[in-house]
């Protein structure tokens, strides 16, 4: 499918400040940016960077005191692999590709080292397959309340597990932590999300199964086959869409993700969905 | 039933030190100390105290550098109330006796203020009755691993819930925290425990239901109708069997609790068991 | 000195609800309630209770759906003991009165068991005297930012120590935790506070030194000799000014504490201030 | 200087198991492996991997049930840059090289997002220079007790800050967390450490200052100019020297790091020491 995605972010810089953004659709397998336009006001020099290990795309600039806006528009061809979930089976940890190994490690917001007994007790009976990660997502969906304002920038998976409330970021962190606890590599994904209501940046996660990264979303708020990838990372700490040095106040934000052509069959997918192998 | 209970605790005081013990069988409803003997060596003056709000009995003394031993022997008549669990029903929080109110508050090792969503999600469908607390104990028994060395003196219910391992103290804390989260007053009980193997001081909890305090034990390691009460408190922080000022090293400990006459029917009780109303 | 104190609290009960308040000036040594008036609307039957171990005064009632208000007015004679801080010296833990012992235990919001190394490292060189507790308060005043909204009902002393921000409740908890870590009994005090700006309920703490409870306030926001005691407890979990069963929304709150006659010398006291021995 | 480094690690595999090691001296700027020999018993096929973003070297193999040993010996030429600490000054966050940015993010064991107020309050007056990081290390050295057994594999910088005890891993984590809180990129380094007594793998940290990574060690247990790098990462979670899939019990471990030729002047260095730019 083809999506029009983008955002408009505005800020008030109280002093000369530095800005870093990671809002462009990623260049990755099964996702092609057909057109894109990025406008920063005021007109300042932009640095760009693609992180080799993730493919995340960054822009950075310095802007003087005053209003700052970033507007991004893109058309993205998005053709994820689809598999029968039953066919996406176990991985053998002993032969995991080396670059995938770090996604087994605990990270700031996904303390998988603390959750091994809990994960084994609750999900250990299922095989290390797509079905097991789906069971994790179902548990999260049923037991964690989606509640704006219930968490903050310091909230981690352990806290979410205890407090049983959070937003998409927290749902993703808990899913990642439980997967890693069970020996399933998992990573955080920020995305433009088709059908997300209200429109916003979205956070989901990917688990490494049968040689590919498969998408999962414990919130069930967006279409699994309509997630246009922006960034990947160990957790939210590595995939901020905006970061500042200086003193910056956000003033407004709009985000959108629309299908260029609505599909005939508009049912939620039941396929296992994967963008990339690495 | 009648029990012979007691302990022998020995220490090496590296310097002149102060000792406080709470090891004597409590004076409370349905529990009568028929005989008891307490011997402290060396022969130093003893202070005694019964805490009015709990009935806990303390002895305190100072001992010079050197070996210290405390030996306690008692015969206790123990006649708890027995009820059909199905008949032990809801309490109305609005009319709870005032002295019971503090047992709804969170305490150091029972952070019930953090567990309300979790407790409601997992046990909220059951009525606020004996059955609900039994369901909590069953969950704890099935999901928390009894594992010596997995917890320490700082471990609280939140940690046990996440780590899924602990000892009797931790099982009691988690039961208390979940009860309080659901509006059921609960408190910590230290006890001599019949059939506990190996013999040791035991920790269980009581929940306030239908106008009485009922005993519960998520470990299932001792006989619920063979728990000779030593102390009660908000949690373990208030019911240490021994405390020191100075520099003291434990050297040995034996604890025992035996039925004076073995009952004909030696089946685990299925009754709701309660020692006291207050 | 003589103070006029009181409050007016209004609520919207969404359903029939139960209310418990602890807002009346305590009956305690060196504090005499000369007159007082408590009005609850609607006109429902009131239960009252004085907790024996604390002297805290509670009222409780049930009110139907609708507006509820509680208005309290009192005139209180307040004559704390004043000592030269230098004369308030060490306590001998071995001979502490038994009823004071529980104030050495950790509690929900004062995890003194975790802070022993930190407290010893930072304050261990000072003698266990009034001066040491003053040093703790000075450290808190200088290193913890008083910041509304930086903490919530779950925030404990450990969190405040790490986050370095909080409100009066948090400042009191940290002071209590550090004292207990050093073997100094300490407890939480809720109070009407003279000169507090803006007027509100205030929270401070008392440390047990030289046979009395002395008042301390790391916020430096109120007059230490103008704290009209409402309640005492292990920490805030035991001294809520209002508690509900049902569904209740606060709609308004005013609190006041005025000197009936302004003193000639209006300097902040440098005395060690103590209301009570027990 | 030239060092002979190495280790011998032995295990008992209870079942067929997978092993990953990161024990080889890194290939990096100012560090050259002149000779090295790695022997694994039994004789199984080895996979090797160099992680592009870190230069860490991994070996992986599967071994059947039974004894397993890994022996590594190397001679390493180690010529770190030396600077006058006073000359190593501030970095401008706005122009930080992109690949360095992730080392500002919080990680599992370095919760820098939580420590900003604490770090600013305690070290904010110093310029963002070598001197500031040295002040952090001095504080850690003076206030954290080096105590074997006081921490475990789950211990993070927040816990160490509160508990005030730990081992080299914990000292490094706290240093990293405080640096990142202050906007100084920092990373974890595992190393063979000259003069470490008893010999063991060591953990220190690097801070990015003035365009290079400088070494710091809050433990003061090893020579700062005798740290032969093995691995770098966000924290210990990324730099385990050994990892297993299966069931593996360590049976023995020896580690060594010796100067091939003892230097004439054997004084601890006061230079700012840096191996690499990236």
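Chains as they are written, first to last, in this note's numbering: chain A, 3 to 280; chain B, 3 to 280; chain C, 3 to 280; chain D, 3 to 280.
Backbone N, C-alpha and C fix where the C-beta goes; we use that ideal spot for every residue, glycine too.
Worksheet item: Taking the Cβ atom as the reference point for each residue, do residue 189 of chain A and residue 236 of chain A lie within a distance shorter than 8 Å?
Response: In the first chain, the residue the question calls residue 189 of chain A occupies position 187. In the first chain, the residue the question calls residue 236 of chain A occupies position 234. In contact: residue 189 of chain A and residue 236 of chain A (Cβ atoms closer than 8 Å).
Worksheet item: In terms of residue numbering, what span does the alpha helix (DSSP H) encompassing residue 181 of chain A cover?
Response: One-based indexing of the first chain puts residue 181 of chain A at position 179. 170-183 is the span of the alpha helix (DSSP H), which, as asked, contains residue 181 of chain A.
Item to complete: Check distances from the C-beta atoms of the stretch 101-124 of chain C to those of chain B and list, in chain order, the residues that come in under 7 Å.
Response: Among the residues of the stretch 101-124 of chain C, those with a Cβ less than 7 Å away from any Cβ of chain B are 104, 107, 108, 109, 110, 113, 115 and 116, in the order of the chain.
Worksheet item: Using the beta-carbon count (16 or more within 10 Å), is residue 263 of chain D buried or exposed?
Response: Working through the fourth chain from its first residue, we reach residue 263 of chain D at position 261. Counting the other Cβ atoms within 10 Å of the Cβ of residue 263 of chain D gives fewer than 16, which makes it exposed.
Discussion item. Let's see if you can read the secondary structure: which residues bound the alpha helix (DSSP H) around residue 165 of chain D?
Written reply: By 1-based counting over the fourth chain, the position of residue 165 of chain D is 163. In the DSSP assignment, residue 165 of chain D falls within the unbroken alpha helix (DSSP H) covering 159-165.
Item to complete: Starting from the C-beta of residue 63 of chain C, find all residues in its chain whose C-beta is less than 8 Å away, skip the five residues before and the five after it, and write them out in chain order.
Response: Walking along the third chain from the start, residue 63 of chain C turns up at place 61. The answer, listed in chain order, is 20, 21, 42, 46, 47, 48 and 49.
Item to complete: Classify residue 98 of chain D as buried or exposed, calling it buried when 16 or more other Cβ atoms lie within 10 Å of its own Cβ.
Response: Along the fourth chain, read from residue 1 onward, the residue named residue 98 of chain D stands at position 96. Buried: at least 16 other Cβ atoms inside 10 Å.
Worksheet item: Touch check for the stretch 81-94 of chain B and the stretch 104-122 of chain B: three-plus C-beta pairs under 8 Å?
Response: Using a Cβ-Cβ distance cut-off of 8 Å, the stretch 81-94 of chain B and the stretch 104-122 of chain B are not in contact, since fewer than three pairs of beta carbons, one from each stretch, lie closer than that value.
Fill in: Proximal residues of chain B, C-beta to C-beta of residue 324 of chain A below 7 Å
Outside the modelled stretch of chain A, which goes from 3 to 280, sits residue 324 of chain A, for which no answer is possible.
Worksheet item: Per DSSP, which one or two residues make a beta bridge with residue 30 of chain D?
Response: Here residue 30 of chain D is taken as the residue at index 28 of the fourth chain, counted from 1. According to DSSP, residue pairing for residue 30 of chain D in a beta bridge involves D:33.
Discussion item. Determine, for residue 96 of chain A, whether the minimum Cβ-Cβ distance to residues of chain D falls below 8 Å.
Written reply: As a working note, residue 96 of chain A is residue 94 in the first chain. Cβ-Cβ to chain D under 8 Å: yes for residue 96 of chain A.
Worksheet entry | Rounded C-alpha distance that separates residue 158 of chain A from residue 112 of chain D | Indexing the first chain from 1 puts residue 158 of chain A at position 156. Indexing the fourth chain from 1 puts residue 112 of chain D at position 110. Going from the Cα of residue 158 of chain A to the Cα of residue 112 of chain D covers about 13 Å.
Worksheet entry | Short CB-CB distance (under 8 Å) between residue 164 of chain C and chain D | Position 162 of the third chain, counted from the start, is the residue given in the question as residue 164 of chain C. At least one chain D Cβ lies under 8 Å of residue 164 of chain C.
Item to complete: Go through its chain and collect everything with a Cβ distance to residue 251 of chain D's Cβ below 6 Å, but skip five positions before and after it.
Response: Stepping through the fourth chain from its first residue, residue 251 of chain D is reached at position 249. Spatial neighbours of residue 251 of chain D in its own chain (CB-CB distance under 6 Å, excluding positions within 5 residues in sequence) are listed in chain order as 14.
Worksheet item: Does any residue of chain A bring its CB to less than 8 Å from the CB of residue 137 of chain B?
Response: On the second chain, residue 137 of chain B is found 135 positions in, with the first residue counted as 1. Look at residue 137 of chain B: its C-beta is not under 8 Å from any C-beta on chain A.
Practice prompt. Give me the Cα-Cα distance between residue 239 of chain C and residue 110 of chain B, rounded to the nearest whole angstrom.
Written response: Taking the first residue of the third chain as position 1, residue 239 of chain C is located at position 237. Taking the first residue of the second chain as position 1, residue 110 of chain B is located at position 108. Spanning the two alpha carbons is a distance of roughly 10 Å.
Worksheet item: Would you say residue 280 of chain B touches the ligand SAH, meaning its beta carbon is less than 7 Å from a heavy atom?
Response: Absence of the ligand SAH is noted for the structure shown, with no ligands found whatsoever.
Item to complete: Name, going along the chain, the residues of the stretch 152-177 of chain D whose beta-carbon falls closer than 9 Å to a beta-carbon of chain G.
Response: You won't find chain G in this structure, because its protein chains are A, B, C and D.
Worksheet item: Hey, out of A:34, A:44 and A:168, whose CA is closest to residue 71 of chain A's CA?
Response: Along the first chain, read from residue 1 onward, the residue named residue 71 of chain A stands at position 69. Closest by alpha carbon: A:44.
Worksheet entry | Straight-line Cα distance separating residue 55 of chain C from residue 82 of chain B | Residue 82 of chain B sits at position 80 when you count from the first residue of the second chain. Residue 55 of chain C sits at position 53 when you count from the first residue of the third chain. Taking the straight line joining both Cα atoms gives about 27 Å.
Discussion item. Check whether the stretch 226-234 of chain B and the stretch 265-279 of chain A are in contact - that is, three or more C-beta pairs closer than 8 Å.
Written reply: No: the two stretches stay apart, fewer than three of their Cβ pairs being nearer than 8 Å.
Worksheet item: Listed in chain order, which residues of the stretch 19-37 of chain A have Cβ atoms closer than 7 Å to some Cβ of chain D?
Response: Residues passing the 7 Å Cβ filter: 20.
Discussion item. Distance check for residue 130 of chain B and residue 211 of chain B, CA to CA, integer angstroms please.
Written reply: Locating residue 211 of chain B in the second chain gives position 209, where the first residue counts as 1. Locating residue 130 of chain B in the second chain gives position 128, where the first residue counts as 1. Whole-angstrom Cα-Cα distance: 8 Å.
Fill in: Test: residue 51 of chain C CB closer than 8 Å to a CB of chain B
Numbered from 1 along the third chain, position 49 holds the residue referred to as residue 51 of chain C. Interface with chain B (8 Å Cβ-Cβ cutoff): residue 51 of chain C is included.
Fill in: Which of helix, strand or coil DSSP assigns to residue 269 of chain B
The sequence position of residue 269 of chain B within the second chain is 267, counting from 1. Here residue 269 of chain B carries a coil assignment [DSSP, helix/strand/coil].
Practice prompt. Just the C-alpha distance for residue 257 of chain A and residue 33 of chain A, rounded to the nearest angstrom, thanks.
Written response: Position 255 of the first chain, counted from the first residue, corresponds to residue 257 of chain A. Position 31 of the first chain, counted from the first residue, corresponds to residue 33 of chain A. Taking the CA atoms as reference points, residue 257 of chain A sits about 19 Å from residue 33 of chain A.
Worksheet item: Where residue 254 of chain C and residue 183 of chain C are concerned, what is the direct C-alpha to C-alpha distance, given to the nearest angstrom?
Response: Here residue 254 of chain C is taken as the residue at index 252 of the third chain, counted from 1. Here residue 183 of chain C is taken as the residue at index 181 of the third chain, counted from 1. When rounded, the distance between both Cα atoms is 38 Å.
Worksheet item: Is the CB-CB distance between residue 35 of chain A and residue 27 of chain A below 8 Å?
Response: Within the first chain, the letter at position 33 stands for residue 35 of chain A. Within the first chain, the letter at position 25 stands for residue 27 of chain A. Inclusion of residue 35 of chain A and residue 27 of chain A in the CB contact set at 8 Å is warranted, their separation being smaller than that value.
Fill in: Length of the line joining the Cα atoms of residue 11 of chain A and residue 101 of chain D
As a working mapping, residue 11 of chain A is identified with position 9 in the first chain. As a working mapping, residue 101 of chain D is identified with position 99 in the fourth chain. Each residue's Cα considered, the two are about 25 Å apart.
Worksheet item: What's the C-alpha gap between residue 4 of chain C and residue 37 of chain C?
Response: Position 2 of the third chain, counting from 1, holds the residue named residue 4 of chain C. Position 35 of the third chain, counting from 1, holds the residue named residue 37 of chain C. Taking the straight line joining both Cα atoms gives about 11 Å.
Discussion item. Distance check for residue 166 of chain D and residue 242 of chain B, CA to CA, integer angstroms please.
Written reply: Sequence index remark: in the second chain, residue 242 of chain B carries index 240 (1-based). Sequence index remark: in the fourth chain, residue 166 of chain D carries index 164 (1-based). Computed Cα separation, rounded: 25 Å.
Worksheet item: Where residue 85 of chain B and residue 213 of chain B are concerned, what is the direct C-alpha to C-alpha distance, given to the nearest angstrom?
Response: Here residue 85 of chain B is taken as the residue at index 83 of the second chain, counted from 1. Here residue 213 of chain B is taken as the residue at index 211 of the second chain, counted from 1. Those two C-alpha atoms are separated by around 12 Å.
Worksheet entry | Spatial neighbours of residue 169 of chain C in its chain, beta-carbon cut-off 7 Å, leaving aside the 5 residues before and after | Translated into positions along the third chain, residue 169 of chain C becomes position 167. Within the same chain, 148, 150 and 153 come within 7 Å of residue 169 of chain C by CB-CB distance, once the 5 residues on both sides are set aside.
Worksheet item: Which parts of the stretch 93-120 of chain D are runs of the beta strand (DSSP E), unbroken and 3 residues or longer, counting only runs that do not cross its ends?
Response: Secondary structure remark: continuous beta strand (DSSP E) runs of at least 3 residues inside the stretch 93-120 of chain D: none found.
Discussion item. Any beta carbon from chain C within less than 8 Å of residue 269 of chain B's own beta carbon?
Written reply: In the second chain, counting from the first residue as 1, residue 269 of chain B sits at position 267. For residue 269 of chain B, no Cβ of chain C is located within less than 8 Å of the residue's own Cβ.
Worksheet entry | Proximal residues, the stretch 239-256 of chain A versus chain D, C-beta separation under 9 Å | Along the stretch 239-256 of chain A, going in chain order, the ones with a CB nearer than 9 Å to a CB of chain D are 239, 240, 242, 245, 247 and 248.
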